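Trainee:
Protein chains: 2
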Amino acid sequence: MSTPIASLDTPAALVDIPQMQRNIQRMQQRMSSLGVRLRPHIKTSKCLPVIQAQIAAGASGVTVSTLKEAEHCFAAGIRDVFYAVAIAPGKLPQALALRRKGCNLSLLTDSVSGAEAMVAFAQQHDERLDVWIEIDCDGHRSGLAAQDPVLIDVARILSDGGLHLRGVMTHAGSSYALDSLEPLQALAEQERALCVRAADTLRAAGLACPEVSIGSTPTALSALNLDGVTEVRAGVYVFFDLVMRNIGVCQADELALSVLTTVIGHQPDKGWIITDAGWMAMSRDRGTQRQRQDFGYGQVCSEAGDWIDGAQVTGANQEHGIVTLGAANSDALVTRFPIGSRLRILPNHACATGAQFPDYHAVDADGSVHTWSRLHGW
Amino acid sequence: MSTPIASLDTPAALVDIPQMQRNIQRMQQRMSSLGVRLRPHIKTSKCLPVIQAQIAAGASGVTVSTLKEAEHCFAAGIRDVFYAVAIAPGKLPQALALRRKGCNLSLLTDSVSGAEAMVAFAQQHDERLDVWIEIDCDGHRSGLAAQDPVLIDVARILSDGGLHLRGVMTHAGSSYALDSLEPLQALAEQERALCVRAADTLRAAGLACPEVSIGSTPTALSALNLDGVTEVRAGVYVFFDLVMRNIGVCQADELALSVLTTVIGHQPDKGWIITDAGWMAMSRDRGTQRQRQDFGYGQVCSEAGDWIDGAQVTGANQEHGIVTLGAANSDALVTRFPIGSRLRILPNHACATGAQFPDYHAVDADGSVHTWSRLHGW
Chain A
1 MSTPIASLDT PAALVDIPQM QRNIQRMQQR MSSLGVRLRP HIKTSKCLPV IQAQIAAGAS
61 GVTVSTLKEA EHCFAAGIRD VFYAVAIAPG KLPQALALRR KGCNLSLLTD SVSGAEAMVA
121 FAQQHDERLD VWIEIDCDGH RSGLAAQDPV LIDVARILSD GGLHLRGVMT HAGSSYALDS
181 LEPLQALAEQ ERALCVRAAD TLRAAGLACP EVSIGSTPTA LSALNLDGVT EVRAGVYVFF
241 DLVMRNIGVC QADELALSVL TTVIGHQPDK GWIITDAGWM AMSRDRGTQR QRQDFGYGQV
301 CSEAGDWIDG AQVTGANQEH GIVTLGAANS DALVTRFPIG SRLRILPNHA CATGAQFPDY
361 HAVDADGSVH TWSRLHGW
Chain B
1 MSTPIASLDT PAALVDIPQM QRNIQRMQQR MSSLGVRLRP HIKTSKCLPV IQAQIAAGAS
61 GVTVSTLKEA EHCFAAGIRD VFYAVAIAPG KLPQALALRR KGCNLSLLTD SVSGAEAMVA
121 FAQQHDERLD VWIEIDCDGH RSGLAAQDPV LIDVARILSD GGLHLRGVMT HAGSSYALDS
181 LEPLQALAEQ ERALCVRAAD TLRAAGLACP EVSIGSTPTA LSALNLDGVT EVRAGVYVFF
241 DLVMRNIGVC QADELALSVL TTVIGHQPDK GWIITDAGWM AMSRDRGTQR QRQDFGYGQV
301 CSEAGDWIDG AQVTGANQEH GIVTLGAANS DALVTRFPIG SRLRILPNHA CATGAQFPDY
361 HAVDADGSVH TWSRLHGW
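If you're matching them up, the sequences are chains A and B in order.
Each residue of the first sequence is one higher than the last, beginning at 1 in full-length UniProt numbering.
Each residue of the second sequence is one higher than the last, beginning at 1 in full-length UniProt numbering.
1. Can you give the Cα-Cα distance for D138(B) and L187(B), rounded to whole angstroms?
2. Taking only beta carbons into account, state which residues of the stretch 117-138 of chain A come closer than 9 angstroms to chain B, listed in chain order.
3. Check the Cβ of E319(B) against every Cβ in chain A and list those closer than 8 angstroms, keeping chain order.
4. Less than 8 angstroms between C-beta atoms, sequence neighbours within five positions excluded: which residues of the same chain meet that for I5(A)?
5. In chain order, what residues of the same chain lie with their CB nearer than 8 angstroms to the CB of P358(B), ignoring the 5 residues before and after it?
6. Go ahead and pull the three-state DSSP assignment for L194(B).
7. Take Y176(B) as the anchor and find which of Q29(A), L226(A), N317(A) and A59(A) has the nearest alpha-carbon.
8. Would you please state the rounded distance, in angstroms, between the beta carbons of A220(B) and W279(A)? I believe it to be under 8 angstroms.
9. Quick check: the Cα distance between E211(A) and L34(A), rounded to an integer number of angstroms?
10. Relative to the C-alpha of L224(B), which residue among M20(B), S283(B) and M31(B) is closest?
11. Any Cβ of chain A within less than 8 angstroms of the Cβ of D276(B)?
12. Buried or exposed, going by whether 16 or more other CB atoms sit within 10 Å of the CB of E71(A)?
13. Kindly indicate which three-state DSSP category L375(A) falls into: helix, strand or coil?
14. In chain D, which residues lie less than 9 angstroms from I157(A) when you measure between Cβ atoms?
15. For S2(A), does the three-state DSSP call read helix, strand or coil?
16. Taking 8 angstroms as the threshold (C-beta atoms), are S341(B) and C301(B) in contact?
17. Give me the chain A residues within the contact set of C351(B), using Cβ-Cβ distance strictly less than 7 angstroms, ordered along the chain.
18. Could you give the residue range of the beta strand (DSSP E) that holds S213(B)?
19. Would you list, in chain order, the members of the stretch 225-251 of chain B that have their beta-carbon closer than 7 angstroms to a beta-carbon of chain A?
20. Where do the N-terminal and C-terminal ends of the beta strand (DSSP E) with A115(B) fall, by residue?
21. Cβ closer than 7 angstroms: which chain A residues qualify as neighbours of M280(B)?
22. With E71(A) as the anchor, note down where its beta strand (DSSP E) starts and where it stops.
23. Look at the Cβ atom of F240(A), then the Cβ atom of L255(A), and state whether they are nearer than 8 angstroms.
24. How would you list, in chain order, the residues of chain B whose beta-carbon sits under 8 angstroms from the beta-carbon of G271(A)?
25. Indicate the three-state DSSP secondary structure (helix, strand or coil) for D16(B) in the structure shown.
26. Rounded to a whole number of angstroms, what is the C-alpha to C-alpha distance between R166(A) and V150(A)?
27. Express the C-alpha separation of I24(A) and G58(A) in angstroms, rounding to a whole number.
28. Quick check on this structure: which residue in H164(B), R141(B), S180(B) and G298(B) has the alpha carbon closest to the alpha carbon of I345(B)?
29. Return the CA-CA distance between A327(A) and G310(A), expressed in angstroms with no decimal places.
30. Measure the alpha-carbon distance for E189(B) versus F121(B) and round it to whole angstroms.
31. Express the C-alpha separation of A204(A) and T10(A) in angstroms, rounding to a whole number.
32. Could you say which of L158(A), Q356(A) and I42(A) lies nearest to V112(A) if we only look at CA atoms?
33. State the Cα-Cα distance for the pair H41(B) and T201(A), rounded to the nearest angstrom.
34. Write down the C-beta distance between A88(A) and I264(B) rounded to the nearest angstrom, noting that I regard them as a contact closer than 8 angstroms.
35. Taking DSSP's pairing of strands, which residues face L343(B) in a bridge?
36. Would you mind sorting L29(A) into buried or exposed? The rule is 16 or more other CB atoms within 10 Å of its CB.
Written out as structure tokens, the structure is:
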């Protein structure tokens, strides 16, 4: 009997369900043992069966990166949704519509202007929006510094405007630039301490700040304590990827997402195998380029998923991948990997690679394959 | 009256229809004046109204990068379709099904093994497949060298197997690494000459080789003559992008695709504007990184499309773009570009950026906006 995977057209995005479940359990158990709720960031999968597995394992609500994700989750019965991108004022009507349907959608701001826009909109529509304030814990992107006096201004605008200040949140995105335990632990502590400090600043000013939400996959898996934190947001842990492997928070055999591809040609003189997984399948993400091990556009495995040492996707055009095997494997290129044979590629960045596919093909422990659709666009 | 663009949610992929039409006319007229047919590569747009504009302007059939594109074009009445990726044997049944519906779908190979698989399949199904042989003109990817004796072997396998050898094709993909006229002209001549030589080699061996198909946007716009060539394939010219601008085959004001984005925050101390067009909107393509001018994740323009000198998307997270304005524009960051204001970003690579969106929003000369869906996945 042929396995179901063999009948899939390529390129295909494969999810290893048992490995995904182990990844979900690992993070959930870690958060439970540290005494915090886990609010997974579903921007990685954008896929309902994955999200439902996270909820079933104990997650408390979800984090989303688009209102489309929020609508999709709510339609599936998930009510507690945090849209963790500072909202553009033009999106407030869409957010309101979702709240009016019964979704407990909370929003984010990091500015006086943003807070004022929310208050004006909320008062116009007689709606008590739930709002978080974004804290900058590492200088990598958005947010107010914990000691910035504007933090109290923003909180007061929200509070005086009758909105519900849910709490403060931060994301230690600079953790992606680290690759050893002590700096990761130090950044995790910085993320925790600065966000707690921001909450304490608000409380000292007489403002309610019930929640402290932090998180990134590398810091969540490195933190030694989460005192003062109420919830952690993390996303890519559900699949992991080569970037996470280089950072050191997962092993190579914990990656749950791969791209199935077919060999369509060879250039034997150059030691190249040509596949049908180009950048349209892998994405253009070169996240490992500046890490300790550069995997090109992905690490090459056998069809069964066994890592082939030194084999990488070293080049990619839109629908062509160029695979080189490394010195130890370059003999007998054509006979070992004939046209029509298949390989699996582990991606640099699961969020980016997943986004290239309308569906995942999720493989169960018994080898059966399920088609799981995922969201595309905004 | 507010303009229709103002009512679009962001991020949105905008197509400037009049500019697209000028780009289409430019390439079509050039090919007509050089005496060859144009078979546009629709992998750039994957969008029917764009393709139909190319056909209306005189294109002869289409080139596709996936069988899904082929099916989509055929369903819209386009019969002459060239799938210009060496076909994986497992996709032959899908190709056959499309031919049996009446599509004149032609296929590609560059190997004995690929040719044998086609012959075996064709004989099993009593179908005379149309097949091209891929020639390698610059060592950048796939194809057989024009002087490779395997070329005649492959052609003979196809011919003896009863298949219809349409001709030889090549793609000078290394043109993307050039940026001045003389080397582009030289590569265009190399592309032409080697593909014609391959055809002549087959003809000298007594094999029919009616067609010679070459092309890339940079070489098509640089070639001085196309003697012996019957058709040119090119794709990205329909929109152009910053990579093409750096190569020198278009001007900055000829780019027809841009991403509309909203300002969602600022980090004034760093000179950053935060927008809602991160890499999910722009793609991870950093095609200008090694060119003469690196545009980061894109060149920033005003909402109306006016280039802001020195302003670039210098960083990108999934749903956050970090815009820096350059020395001349960094004053009064917050007041000039307040939260809720809009910008347009010109992409590095139109094929990659377009693929991030389910739809284009196509803007006509009168400012009216049409929603044009595009293909996603395989």
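Every residue gets a Cβ at the ideal spot worked out from N, C-alpha and C, and that includes glycine.
Note that the structure is a prediction, hence the values are computed from the model and not measured.
Mentor: Looking at the coordinates:
1. The residue given as residue 138(B) occupies position 138 in the second sequence. The residue given as residue 187(B) occupies position 187 in the second sequence. Cα to Cα, the separation comes out at about 8 angstroms.
2. A117, E134 and D136
3. As a first step, residue 319(B) is located in the second sequence; it is residue number 319 there, counting from the start. Result: K43, S65, T66 and V85.
4. The sequence position of residue 5(A) within the first sequence is 5, counting from 1. Excluding positions up to five away in sequence, the list reads L14, L260, E303, H361, V363, G367 and V369.
5. Here residue 358(B) refers to the residue found at position 358 of the second sequence. Around P358(B): S373, R374 and H376.
6. Reading the second sequence from its first residue, position 194 is the one you call residue 194(B). Three-state result, L194(B): helix.
7. Sequence index remark: in the second sequence, residue 176(B) carries index 176 (1-based). Among Q29(A), L226(A), N317(A) and A59(A), the Cα nearest to that of Y176(B) is on N317(A).
8. By 1-based counting over the second sequence, the position of residue 220(B) is 220. By 1-based counting over the first sequence, the position of residue 279(A) is 279. Between W279(A) and A220(B) the Cβ distance is about 22 angstroms, and since that is not below 8 angstroms, they are no contact.
9. Here the question's residue 211(A) lines up with position 211 in the first sequence. Here the question's residue 34(A) lines up with position 34 in the first sequence. About 16 angstroms.
10. By 1-based counting over the second sequence, the position of residue 224(B) is 224. Cα-wise, what sits closest to L224(B) is M31(B).
11. Along the second sequence, one-based indexing puts residue 276(B) at 276. Taking Cβ atoms only, chain A reaches closer than 8 angstroms to D276(B), which makes this a yes.
12. The count along the first sequence starts at 1 and reaches residue 71(A) at position 71. That one is buried.
13. Mapped onto the first sequence, residue 375(A) falls at position 375. Coil, per DSSP.
14. The structure shown has no chain D; the protein chains it does contain are A and B.
15. Here residue 2(A) refers to the residue found at position 2 when the first sequence is read from its first residue. Residue placement at S2(A) is poorly supported in this model, since its pLDDT is 43, which falls under 50; the coordinates still yield a value, given next. Correct three-state label for S2(A): coil.
16. The residue you call residue 301(B) lines up with position 301 of the second sequence. The residue you call residue 341(B) lines up with position 341 of the second sequence. No, these two residues do not count as a Cβ contact at 8 angstroms.
17. Looking up residue 351(B) in the second sequence gives position 351. Within 7 angstroms Cβ-Cβ: Q318.
18. Within the second sequence, the letter at position 213 stands for residue 213(B). First-last of the beta strand (DSSP E) with S213(B): E211 to I214.
19. none
20. Start at 1 with the first residue of the second sequence, and residue 115(B) comes out as number 115. Unbroken run through A115(B) is the alpha helix (DSSP H), V112 to H125; no beta strand (DSSP E).
21. Within the second sequence, numbered from 1, the residue matching residue 280(B) stands at position 280. Neighbours of M280(B) on chain A, chain order: A355.
22. Numbered from 1 along the first sequence, position 71 holds the residue referred to as residue 71(A). Looking at the DSSP string, E71(A) is not in any beta strand (DSSP E); the run it does join, the alpha helix (DSSP H), is L67 to A75.
23. Locating residue 240(A) in the first sequence gives position 240, where the first residue counts as 1. Locating residue 255(A) in the first sequence gives position 255, where the first residue counts as 1. The answer is yes: Cβ separation under 8 angstroms.
24. Translated into the one-based positions of the first sequence, residue 271(A) becomes position 271. Those do not exist, as G271(A) stays about 13 angstroms from chain B at its closest Cβ, beyond 8 angstroms.
25. As a position in the second sequence, residue 16(B) is number 16, starting the count at 1. Of the three classes helix, strand and coil, the one that applies to D16(B) here is strand, per DSSP.
26. As a first step, residue 166(A) must be located in the first sequence, where it is residue number 166. As a first step, residue 150(A) must be located in the first sequence, where it is residue number 150. Cα-Cα distance, rounded: 17 angstroms.
27. Numbered from 1 along the first sequence, position 58 holds the residue referred to as residue 58(A). Numbered from 1 along the first sequence, position 24 holds the residue referred to as residue 24(A). For G58(A) and I24(A), the distance between alpha carbons rounds to 9 angstroms.
28. Translated into the one-based positions of the second sequence, residue 345(B) becomes position 345. I345(B) has its Cα closest to that of G298(B), out of H164(B), R141(B), S180(B) and G298(B).
29. As a position in the first sequence, residue 327(A) is number 327, starting the count at 1. As a position in the first sequence, residue 310(A) is number 310, starting the count at 1. Those two C-alpha atoms are separated by around 7 angstroms.
30. The residue labelled residue 189(B) in the question sits at position 189 within the second sequence. The residue labelled residue 121(B) in the question sits at position 121 within the second sequence. Cα-Cα distance, rounded: 37 angstroms.
31. Against the first sequence, residue 10(A) aligns to sequence position 10. Against the first sequence, residue 204(A) aligns to sequence position 204. Approximately 58 angstroms between the Cα atoms of the pair.
32. On the first sequence, position 112 is the one that residue 112(A) refers to. Cα-wise, what sits closest to V112(A) is L158(A).
33. As a first step, residue 41(B) must be located in the second sequence, where it is residue number 41. As a first step, residue 201(A) must be located in the first sequence, where it is residue number 201. The straight-line gap from Cα to Cα measures roughly 58 angstroms.
34. Residue numbering aside, residue 88(A) sits at position 88 when the first sequence is read from its first letter. Residue numbering aside, residue 264(B) sits at position 264 when the second sequence is read from its first letter. Confirmed, Cβ separation roughly 5 angstroms.
35. Along the second sequence, one-based indexing puts residue 343(B) at 343. L343(B) pairs with T261(B) and S302(B).
36. For the purposes of this step, residue 29(A) is taken as residue 29 along the first sequence, with counting starting at 1. Correcting the residue identity first, residue 29(A) is Gln in this sequence and not Leu. Classification for Q29(A): exposed.
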